[in-house]
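Read the structure below first, then the notes.
As structure tokens, then:
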């Protein structure tokens with residue numbers, strides 16, 4: 004599934020008000036070292052009340068450290 008397909012599907016979910024998409028070859032491996040700065044910058048810019056991730060090694064990274 005590409006980003007456009009994911010956005011189309013997510014936009015159908017009730018209560019979803021904003022969908023952010025970041026496309027770059029660097030994000031392809033979902034490495035925490037690459038993704039954490041992007042996620043933190045998004046939180047700082049938009050002040051989300053929640054950020055979710057799947058129950059995987061990526062989702063279990065402590066972004067507060």
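Residue numbers (the numbering used here): 4 to 68. Where a beta carbon is used, it is the ideal one built from N, C-alpha and C, also for glycine.
Check whether residue i and residue j have beta carbons under 9 Å apart
i          : j          : result
residue 54 : residue 48 : no
residue 34 : residue 22 : no
residue 30 : residue 41 : yes
residue 9  : residue 19 : no
Given residue i as reference, the closest of the options once Cα atoms are compared
i          : options    : result
residue 56 : 50, 38, 44 : 38
residue 27 : 6, 11, 20  : 6
Where the alpha helix (DSSP H) containing residue i begins and where it ends
i          : result
residue 44 : 35-49
residue 10 : 6-13
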